[in-house]
Every structure is written in C-alpha cells, then in structure tokens.
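Below is one structure, written out as structure tokens; comments come after it.
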Amino acid sequence: MKKYNFNPGPSTLPDITIEETAKAIKDIYGTGLSLLEISHRSKEFESILAESVSLFKELLNIPEGYSVIFLGGGASMQFCMVPFNLMNKKAAYINTGTWASKALKEAKAFGEVVEVASSKDANYSFIPKDYTVPADADYFHITTNNTIFGTQWHTDPDINVPLVADASSDILSRPMDVSKYALIYGGAQKNLGPAGVTFVIIKDDILGKVSRHIPTMLNYKEHIDNGSMYNTPPVVPIFACLQTLKWLKGIGGVAAIEKINIKKADLLYNEIDRNKMFKGTAVKEDRSLMNVCFIMNPEYIALEKEFLDFVTAKGLVNLKGHRSVGGFRASIYNAMPIEGVQALVNAMQEFEKLKA
Ligand SMILES: *Cc1c(COP(=O)(O)O)cnc(C)c1O
Numbered sequence: 081m082k083k084y085n086f087n088p089g090p091s092t093l094p095d096i097t098i099e100e101t102a103k104a105i106k107d108i109y110g111t112g113l114s115l116l117e118i119s120h121r122s123k124e125f126e127s128i129l130a131e132s133v134s135l136f137k138e139l140l141n142i143p144e145g146y147s148v149i150f151l152g153g154g155a156s157m158q159f160c161m162v163p164f165n166l167m168n169k170k171a172a173y174i175n176t177g178t179w180a181s182k183a184l185k186e187a188k189a190f191g192e193v194v195e196v197a198s199s200k201d202a203n204y205s206f207i208p209k210d211y212t213v214p215a216d217a218d219y220f221h222i223t224t225n226n227t228i229f230g231t232q233w234h235t236d237p238d239i240n241v242p243l244v245a246d247a248s249s250d251i252l253s254r255p256m257d258v259s260k261y262a263l264i265y266g267g268a269q270k271n272l273g274p275a276g277v278t279f280v281i282i283k284d285d286i287l288g289k290v291s292r293h294i295p296t297m298l299n300y301k302e303h304i305d306n307g308s309m310y311n312t313p314p315v316v317p318i319f320a321c322l323q324t325l326k327w328l329k330g331i332g333g334v335a336a337i338e339k340i341n342i343k344k345a346d347l348l349y350n351e352i353d354r355n356k357m358f359k360g361t362a363v364k365e366d367r368s369l370m371n372v373c374f375i376m377n378p379e380y381i382a383l384e385k386e387f388l389d390f391v392t393a394k395g396l397v398n399l400k401g402h403r404s405v406g407g408f409r410a411s412i413y414n415a416m417p418i419e420g421v422q423a424l425v426n427a428m429q430e431f432e433k434l435k436a
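The numbering used here numbers the first residue of the sequence shown as 81 and each following residue consecutively.
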C-alpha cells in the first residue's frame, strides 16, 4: 500500500531523492565506490557540495555577500552557535514555541536576553504582533515556522537590528527576502533531506564583531573559510539534500512550490473548518502551511484514537499530534503531494459520515 508520511521530522522526501541516494549508495557516478565510502575530498563530493551551495543560493535568491555552509549538530547546535558568534552584550528573542524558547534559553549563557513577546500563555497558538526590539540588541531571533504548534510568520519582518531566523521547518517552502536577514539556519530533516546536516546562510559582514574566544568547531568563520570542509562534512545527507534541491528546481523553484503549498494547506484547513468533528488550534491568520494542527471538538474527543487508527489503516501515517497540543498534526512539507492531503481530507469526511 502507498503510504503518506505526515511525520514532522524526519519527514517525507521526494521519491527521486530516495531513489538517487539509494543508487549512489551502491555506486556513485559509476566510480565503483559507494557514496558511503568516498572521500569528502574526492572530486565527486567536491562537485556535490559546490552544486548544493549554488542551487541553494539560486533557489532562495540569496544576494551577494552571503555564505551558505553545511554543518553537523542539528538546528539545536545553532541555538548556541548563534549567540556564541553574534552576541556581544544583548540579544532579543520572540518566544513563539518550544524551539524558540529553547533557543532563547541557550542564549542566556552569553549575555542579556530580552524576550520581546511570548504567546506561551495561549499555548503558542499565535505569533505576537505587538513587540519592540531594543535598538541596542546585537540581533533579533525568530522561528519562522513553529513546527510543534503549527504557526508561521507569513512575511519577512522589517527589524531595526540584524535578524536571525530558525527556518528549520519552512525553508524553501516559499520565497524569502534573504536580504532582510543576517543569518538563517535549520536542520535539513524537515523540508530538505535526512537528519544529519544543518544549513546556515550567513551575511558575511555580521561576523567578527564579538571579542570572546570561539572554539574552532563553533566558529562560523572557520567553516566559511574552509568551505564546510574544516572537518568531514555529512556526505550522505548533503548528497540527499542536493537531490531535493534539484527536484525543487525542476518543478519551478520556491515560487512554484509556494503555490502548491498554499493549495494543500487550504484544502486541509477548509476541511477542518467545515467538518463538525474537528477544529484547528492555531489562530487563522498565523496558520502554518507546513504543520497543520487540529483537535477533535469536545463532543467527539473520545474518538481520537479511533480516528488515528482509521487513517493509519488507510496508509496515512504519523498524524498523532505533539503531546503539548494533543489531537493531530499533519506535516505537509514540500514533498507531500496534494494526493496525500486529499486522501486525508477524504478520510476525515468518511469518518464524519460514519461517526457524527
Ligand atoms: C526540528 C526543529 C528544531 C530541532 O532540530 P534538530 O536538528 O533536531 O536540532 C529546531 N527548530 C525547529 C523550528 C524545528 O522544527
């Protein structure tokens, strides 16, 4: 049975990414060697890395003066690398979810952290709009898509200090005005590839402004100067990401995928709003196009497990919501085809007919 994987991360990938990576693991480019065993200094991998960087820049329309690097450590490592490299005295954070609050907490080891606003009291169901970023902050940190709570910034904000974004779960899902950001980072395993690699897009002139000693492995400048090759980079995940980047370019890039993402999200949110058994958890204007969180209306709450079993039997898997929201979460990243979303909508309608 064809399965649709709604997991929040690691998550569904384009078929071609999986096929090409499987092929390369057997034999990369007819060399008679496996992708698992080639040198990161081989000309094969050098071209894989160079093409990944250039496609990333092309697809996101990254301006001159920015570097793209691939690191290990996950997005969580960036929670400390960002303040290590960018915070002198003070940084501002907006607390829009679990990941945002982890980033904020980590930064406190490096100086004064100003939490400009928080939606914690409303279980992170919205993105605060009313906040002031202190003019003397070294940077302002946002989480562009809150994977756990299903909220998303739908515009790139204009901020008076350097803007830093955790874009783990919506990178390359829509055009971004990269020139508004000093740094954008994220783990690959939501919208790009398998776990094991982290992308960082850095405006070069933001670096070199802190006086503390930065350990080599945590120093962006070292990784930029060494072209992501200061140490052995995650060869296999980078190869897989390249396949996804090629796939994305092939279907028309971020402008084209944004249209599809809007269509998929509209399809599902319309059903959640129409169906008497379900309701969405995030305020409408901040609803994420990537992670759709919904719960059962109180009179049907006893049917939650039955609904999960019902959809799982239809091959619609990993729809259980995060424990901090409950209910269901459909992660419908770039690689989730509209057919998968339609199948979920059909199942919701069928369940309503049977039970409501
Ligand atoms: C998944 C996720 C993270 C954590 O990523 P790791 O690579 O596991 O460290 C951080 N931020 C956001 C927004 C995420 O979705």
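For every residue, glycine included, the Cβ atom is placed at its ideal position computed from N, Cα and C.
Please determine whether the Cβ atom of G401 lies at a distance below 8 angstroms from any heavy atom of ligand 1.
Start at 1 with the first residue of the sequence shown, and residue 401 comes out as number 321. No, the beta carbon of G401 sits no closer than 8 angstroms to any heavy atom of ligand 1.
Strictly by DSSP, which residues pair up with F438?
Past the edges of the chain, shown from 81 to 436, lies residue 438, and the structure says nothing about it.
D451 (DSSP reduced to helix, strand or coil)
Since the first and last residues shown for the chain are 81 and 436, residue 451 lies out of range.
Any heavy atom of ligand 1 inside 8 angstroms of the beta-carbon of P88?
The residue you call residue 88 lines up with position 8 of the sequence shown. Within the cutoff, so yes.
Starting from K188 and walking both ways along the alpha helix (DSSP H), at which residues does that stretch end?
Numbered from its first residue, the sequence shown carries residue 188 at position 108. Taken as a continuous stretch (DSSP letters only), K188 belongs to no alpha helix (DSSP H), as it is neither H nor E.
F206: which of N225, V193, P214 and D218 sits nearest, CA to CA?
As a first step, residue 206 is located in the sequence shown; it is residue number 126 there, counting from the start. Of N225, V193, P214 and D218, the residue nearest in Cα terms is N225.
Helix, strand or coil for D95? Go by DSSP, reduced to three states.
Taking the sequence shown and counting its residues from 1, the one referred to as residue 95 is at position 15. D95 sits in a helix when the DSSP states are folded into three classes.
Nearest-angstrom Cα separation, counted from F136 out to N377
In the sequence shown, counting from the first residue as 1, residue 377 sits at position 297. In the sequence shown, counting from the first residue as 1, residue 136 sits at position 56. Straight-line Cα distance between these residues: approximately 42 angstroms.
Buried or exposed by the 16-neighbour rule on C-beta atoms within 10 Å, applied to V363
On the sequence shown, residue 363 is found 283 positions in, with the first residue counted as 1. Answer is exposed; the Cβ neighbour count stays below 16.
Given 8 angstroms as the limit, tell me if K200 has its C-beta closer than that to any heavy atom belonging to ligand 1.
Taking the sequence shown and counting its residues from 1, one reaches residue 200 at position 120. The answer is no for K200.
Under DSSP, the alpha helix (DSSP H) around A217 begins and ends at which residues?
Here residue 217 refers to the residue found at position 137 of the sequence shown. No alpha helix (DSSP H) holds A217; DSSP gives it neither H nor E.
E131 and L322 - do their beta-carbons sit closer together than 9 angstroms?
Within the sequence shown, the letter at position 242 stands for residue 322. Within the sequence shown, the letter at position 51 stands for residue 131. It is a contact, given that the beta carbons lie within the stated cut-off.
Candidates L424, F125, N85 and K200: which alpha carbon is nearest A104's?
Here residue 104 is taken as the residue at index 24 of the sequence shown, counted from 1. Of the listed residues, the one whose Cα sits closest to A104 is F125.
N355, enclosing alpha helix (DSSP H) - first and last residue
Residue 355 sits at position 275 when you count from the first residue of the sequence shown. Premise fails: N355 is in no alpha helix (DSSP H) and is neither H nor E.
What's the gap between the Cα of G307 and the Cα of A155?
The residue labelled residue 307 in the question sits at position 227 within the sequence shown. The residue labelled residue 155 in the question sits at position 75 within the sequence shown. Cα-Cα distance, rounded: 19 angstroms.
Work out the CA separation of C373 and Y204 for me, nearest whole Å.
Reading the sequence shown from its first residue, position 124 is the one you call residue 204. Reading the sequence shown from its first residue, position 293 is the one you call residue 373. Distance between the alpha carbons of Y204 and C373: 12 angstroms.
Residues bridged to T223 (per DSSP):
Position 143 of the sequence shown holds residue 223. D246.
Quick check: does the Cβ of A215 come within less than 8 angstroms of any heavy atom belonging to ligand 1?
Taking the first residue of the sequence shown as 1, we reach residue 215 at position 135. Because no heavy atom of ligand 1 lies under 8 angstroms away, the Cβ of A215 does not count as near it: no.
Can you tell me where the alpha helix (DSSP H) holding S308 begins and where it ends?
Here residue 308 corresponds to residue number 228 of the sequence shown, with the count starting at 1. No alpha helix (DSSP H) contains S308, which DSSP labels as neither H nor E.
Is N225 a contact residue of ligand 1, with contact defined as CB to any heavy atom under 8 angstroms?
Mapped onto the sequence shown, residue 225 falls at position 145. Checking the Cβ of N225 against ligand 1 gives yes.
Under the three-state DSSP convention, the category T178 falls into
As a position in the sequence shown, residue 178 is number 98, starting the count at 1. T178 falls in the helix class under three-state DSSP.
When the Cα of N414 is compared with those of R254, P163 and P143, which residue comes out closest?
Here residue 414 corresponds to residue number 334 of the sequence shown, with the count starting at 1. Per the Cα distances, R254.
Just tell me which of W233, V334 and N175 has its CA closest to the CA of L140.
For the purposes of this step, residue 140 is taken as residue 60 along the sequence shown, with counting starting at 1. Considering only alpha carbons, the answer is V334.
Identify every residue that forms a DSSP beta bridge with L263.
Here residue 263 refers to the residue found at position 183 of the sequence shown. V244 and I282.
When the Cα atoms are used, what is the spatial distance from I352 to F229?
Here residue 352 corresponds to residue number 272 of the sequence shown, with the count starting at 1. Here residue 229 corresponds to residue number 149 of the sequence shown, with the count starting at 1. Cα-Cα distance, rounded: 16 angstroms.
Which of helix, strand or coil does DSSP assign to L298?
Here residue 298 corresponds to residue number 218 of the sequence shown, with the count starting at 1. DSSP places L298 in helix when its eight states are reduced to three.
Just to confirm, is the Cβ distance from V397 to F159 under 9 angstroms?
Position 317 of the sequence shown, counted from the start, is the residue given in the question as residue 397. Position 79 of the sequence shown, counted from the start, is the residue given in the question as residue 159. Their beta carbons are not under 9 angstroms apart, which means V397 does not touch F159 by this criterion.
Could you please give the first and the last residue of the uninterrupted beta strand (DSSP E) stretch that includes F150?
Within the sequence shown, the letter at position 70 stands for residue 150. Note, F150: beta strand (DSSP E), Y146 to L151.
Give the straight-line distance between the Cα atoms of G407 and F358, rounded to the nearest whole angstrom.
Stepping through the sequence shown from its first residue, residue 407 is reached at position 327. Stepping through the sequence shown from its first residue, residue 358 is reached at position 278. Their backbone Cα atoms lie some 9 angstroms apart in a straight line.
Backbone CA spacing between F431 and L399 [nearest angstrom]
Translated into positions along the sequence shown, residue 431 becomes position 351. Translated into positions along the sequence shown, residue 399 becomes position 319. Each residue's alpha carbon lies about 15 angstroms from the other.
Give the DSSP bridge partners of K170, in chain order.
As a first step, residue 170 is located in the sequence shown; it is residue number 90 there, counting from the start. Paired residues: E192.
So which of E386, N426, F279 and S368 has the shortest CA-CA distance to V133?
As a first step, residue 133 is located in the sequence shown; it is residue number 53 there, counting from the start. Per the Cα distances, F279.
With a threshold of 8 angstroms, establish whether the CB of D246 neighbours any heavy atom of ligand 1.
What you label residue 246 is simply residue 166 of the sequence shown in a count that begins at 1. Under cutoff, so the answer is yes.
Consult DSSP for L272 and reduce its assignment to one of helix, strand or coil.
As a position in the sequence shown, residue 272 is number 192, starting the count at 1. Correct three-state label for L272: coil.
Compare the beta carbon distance of Y173 and A189 with 9 angstroms and say whether it is the shorter of the two.
Along the sequence shown, one-based indexing puts residue 173 at 93. Along the sequence shown, one-based indexing puts residue 189 at 109. Note that the C-beta distance between Y173 and A189 is not below 9 angstroms.
By a C-beta neighbour count over all protein chains shown, 10 Å radius and 16 as the cutoff for buried, is L434 buried or exposed?
If you number the sequence shown from 1, residue 434 lands on position 354. Exposed.
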